[in-house]
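First comes the structure, then the notes that go with it.
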């Protein structure tokens, strides 16, 4: 065991961990007056971490007795989630400072959550997997309830915590079952074992399903989605924006790795499970969203539906499917951050408004904002040539090639239903009688973020080639024997 | 070619600025682009007429075979020319029609975007490119229909059109991707060159159904025809352009394009002929039922689209020529008539055919355009419409069921004849009617387009060789996929088609004569029936009802409901695999040990009693009993330290839970009713029993004892300790233990701090300043 080379592998994580602790000390001694500085420090830390991730060793390197792995897949996803977290943090700053959520702990909790996510993405063992998940989850529970003085936020945090703890229990139970039968927790060890003897015993199957259920909770797939709308609505909007992006990406990457690496040989056992939750998520995400009147709840159902689409790629169980997932997550990140930036601009008389109806006539009162939001909605509906279309295209191609026709058909069907409710927002903005205008002045941060995400979403097809080649290289890692 | 397709999009972005700069005459400035594009495409006429085709390709996503590739042959060129030619006049017309409208700039933007999308659609060679432009036309159509957004009907129509055509578009995408999968290429020119590969593949039917779903929704075939008349809520330039001349023909274009690849089979013929025929009759009958000029025209458009699909379905060379000729004729006369309807509306303030008469004197140019176009539409010589109709009859007489097909065509055409006269002549003759404002002729932009198109109907009728060489011939060859001789003429002797024409005219004249009575009669009958338009509303209501039901079921906002579903899933996960795969556990003879049995009984009774107790405190106590029996089990099987830990933890949990709950308002008796009680008990029971059987089967497999052996072998030799658990804690995993101690210590400090802060907070209630 060479500790020096191990540390070289975990350099980004180590940096984030130490930086987080330093920030905590700094905040503790300087008090709330340093909050704004700590936000920017947090963004800086995430940027540096991104650089470190990219500057890391190429190829696949293992560390700490193969508990931890850095490969192309991990690098791709880490970069993605660091971008997401940094953008969400920038988005959160002006809002939180204005709304009196001025605890300096907020950015620090985000940093620790990101650390947990990086662990999840690089986990190569059931133990390190759990470690990552818990670090992430515990930070997120607190962040969801950061607004202790409002009932909605604390209720959201409590619900999230209770259900999250339950799912962690399920996950842990599944892991111990698997360990009990396989005698190892290491991904490679498990993979070799199952490859040699693909006749899985009932204990392993149940354990596997339990693990899948625990992970399904983290990506808020049906039937473990129930927390999502309540938490999305109850948590402060920037927190929701963060929830919609970084943890979803990390958990989905973990899901993909766990299913394909250690349990890759048992694909027939888990494919049905993924098939079911993917189908159920797409259906529920699209149908239940129709009647929502709160835009944050709508986004919750939208994300449930999107995760269903992403899981189609996993159900395919192929390299093509994983490529599709990564492309999907990339564009999902930018669409969501952009949409939430627009939602954050929905203010009237200094107060946040969240009703979809309050967007009425936005095209008159604020044409730029309306245009941007319309673009994101079109993209989410999967209308070409915007980014969201390519996301769906890749995933469905994989499904068709894997002969999962039912999923492909239901996916198309739910896309239509999904398009219906996304377009309803556009209809409200462009065609309905103008409501009272929103407050002027979006703030520099929101303007910049909306502009950036609009550009990425619109011109995604130009930059598709490099993203695609990166995603292909990342996906190939999981299938390398 | 790429530049030509994208140019309208670029100009669209600047259209609002042009409007602001130039003012209301912006239409003249903006019309330069479509005119220039028309000239650009016209250059291809010569080479294409002599049989050449062109492919222009730009890389897009090479890894997936997606390219921005465009294919110019007779069919796509015909469409491109129609789009740009009519587009030029539509831009002029819109400038005059919407003069002074606040959002005219935005209107131009949408129209130009549509023009670019439509060009891309008909020229695209790559299936993904085709789909991209296909959906773009749906979106721009949505924006244009909803242009008068202050009207609820407009908004409904816009959304309806988008839901129907956008949904069909997705089906089309699936069909195209399957085609690409089967044919091994993303390029239509490659795929369609070898149609047998597609036709003989087992997926043929799936591909066909998906592609047809796309085409039928777009081209408003029965039962999707309802969106098109509703789309007439759009301003008239849009109706003239999108909903008669171009966009609605995209479905027909697609069928024509796919003909060499997918066509020619029995199923193709049956589907196309029956749907097309049904649409022709439905549209024609509904046209007579209406009295609004635009709605009448819209319904005849539906009928014409049906006729086109019908002809493509027949598939014989003559029928294909007829389809292309009719398409060409229709674009001209229907575009002109729509513009006329708009001019009349503009000049008089109404479109109700019952109130319009005697306009000929005050609106001479409009009247001339209307008359010419109506003559072409009614299929009278020497107009091009006559040739088209003659060829339609040639085509139907050439098909497999000549009499039936011809009868369908004659009925449809006769009805359209009547409508043509109602729209094109009735408003202009007779005594001046009672109109909302005094009729007047519009500016030049309002009638120039209609007059030009109508005049062309006559010119191409007289010089049919021109149309044959440059438009109909190359297009028909492209559709059929094989060379054929095309020879259009006005008069070919007194043969069967001419007889059919005479019957059509006679029947049409009768319908025209009885127009008012027929219309009133149809209105009574048709309106009483259930139609797909009502079905659409019912479907949408159903969708919303379903959504509400789903939300009410899952998303109650109550944590206990969420827990219920989580545990329900858990139970399913535990029970289902064991039921399906079989559990395979062996019941061993139970050990005859009274103590074990006693403890087991204790645990069992404790567990069983929990669901039956109504007091929360008692439930907590019973949980404690359960934990206690587990501790006893540990004790019995030689793990006293574990038993001790378990005992401590159990005791503490019971005490803490009881203490905490006692202070909460939820403490007290259970409020659940009997049914819920049973339900919860069942779920708990299912999980418990399934878990137990699982555990039994797990213990029947020999455990991996490597670790136990490792520690029992080394704990004395290496760590000099006999108690293995102790040795593990303080020696083998000493660092872990240190960490744990540190964490506990830090937590203790934190608790202490919190307690200290509590005091500060209490103080601060008196003097708030101190808190900072």
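Chains as they are written, first to last, in my numbering: chain A, 1 to 481; chain B, 1001 to 1772.
Positions of the beta carbon are idealized from the N, C-alpha and C atoms, including for glycine.
Note on residue 67 of chain A: 16 or more other CB atoms within 10 angstroms of its CB, so buried under the neighbour-count rule.
Contact annotation: residue 48 of chain A and residue 122 of chain A have beta-carbon atoms that are not nearer than 8 Å. In this structure, residue 311 of chain A lies away from residue 200 of chain A, with their beta-carbon atoms at least 8 Å apart. Nearest C-alpha to residue 1387 of chain B among B/1365, B/1239 and B/1467: B/1467. The continuous alpha helix (DSSP H) containing residue 155 of chain A extends over residues 151–182. With a cutoff of 8 Å on beta-carbon distance, residue 1131 of chain B and residue 1161 of chain B are scored as not near each other.
Taking 8 Å as the CB threshold, residue 303 of chain A stays off the interface with chain B. Taken atom to atom, the span from the alpha-carbon of residue 8 of chain A to that of residue 53 of chain A is near 11 Å. If you look at residue 1267 of chain B, you'll find it in the alpha helix (DSSP H) that goes 1266–1289. In the DSSP assignment, residue 1187 of chain B falls outside any alpha helix (DSSP H) and carries neither an H nor an E.
Following the DSSP letters along the chain, one finds residue 331 of chain A in no beta strand (DSSP E) but inside the alpha helix (DSSP H) bounded by residues 319–344. Among the residues of chain A, those whose CB is under 7 Å from the CB of residue 1578 of chain B are 202, following chain order. By the rule that beta-carbons nearer than 8 Å mark a contact, residue 116 of chain A does not touch chain B. Among the residues of chain A, those whose CB is under 8 Å from the CB of residue 1149 of chain B are 430, 431 and 432, following chain order. Residues of chain B with a Cβ closer than 7 Å to the Cβ of residue 111 of chain A do not exist, since the nearest Cβ in that chain sits about 19 Å away. Contact of residue 1170 of chain B with chain A by beta-carbon distance below 9 Å involves 382, 412, 413, 415, 416 and 419. For the region 211–240 of chain A, the set of residues with a beta-carbon nearer than 7 Å to any beta-carbon of chain B comprises 213, 223, 224, 226, 227, 229 and 230, in chain order.
Unbroken alpha helix (DSSP H) runs of no fewer than 4 residues, entirely contained in the region 1600–1672 of chain B, are found at 1616–1636 and 1640–1663, following chain order.
When beta bridges are read from the DSSP output, residue 61 of chain A appears opposite A/70.
The region 25–39 of chain A makes contact with the region 83–98 of chain A: 3 or more CB pairs, one atom from each, lie closer than 8 Å. Straight across, the Cα-Cα distance linking residue 143 of chain A with residue 155 of chain A is about 12 Å. By the rule that beta-carbons nearer than 8 Å mark a contact, residue 287 of chain A touches chain B. Three or more pairs of CB atoms, one per stretch, sit closer than 8 Å, so the region 172–183 of chain A contacts the region 197–217 of chain A. Take the alpha-carbon of residue 79 of chain A and the one of residue 120 of chain A: they are about 14 Å apart. Leaving aside the five residues that flank residue 1224 of chain B on each side, the residues in its chain whose CB is nearer than 6 Å to its CB run, in chain order, 1164, 1216 and 1217.
For the region 1385–1471 of chain B, the full-length alpha helix (DSSP H) segments reaching 4 residues or more read 1402–1424, 1444–1462 and 1464–1467 along the chain. Listed in chain order, the non-local C-beta contacts of residue 249 of chain A below 7 Å within the same chain comprise 77, 80, 81, 84, 329 and 333, local neighbours out to five positions each way being set aside. Comparing alpha carbon positions, the residue from A/472, A/354 and A/373 closest to residue 338 of chain A is A/373.
Neighbours of residue 1132 of chain B in chain A, taken as residues at a C-beta separation under 8 Å, are given in chain order as 384, 385 and 389.
In the three-state reduction of the DSSP assignment, residue 302 of chain A falls in the helix class, which pools H, G and I. Cα atoms of residue 254 of chain A and residue 1573 of chain B: separation of roughly 21 Å, rounded to the nearest angstrom. Below 8 Å, too few C-beta pairs join the region 1502–1513 of chain B and the region 1266–1276 of chain B to call them touching: fewer than three.
Annotation: residue 1220 of chain B is outside any alpha helix (DSSP H) and is labelled neither H nor E by DSSP.
Runs of the alpha helix (DSSP H) lying entirely within the region 187–248 of chain A and spanning at least 4 residues, in chain order: 187–196, 202–218 and 227–234.
Between the region 1077–1095 of chain B and the region 1121–1137 of chain B, the count of C-beta pairs closer than 8 Å reaches three or more; the two stretches touch. Chain A places no beta carbon closer than 8 Å to that of residue 1019 of chain B, leaving this residue out of the contacts.
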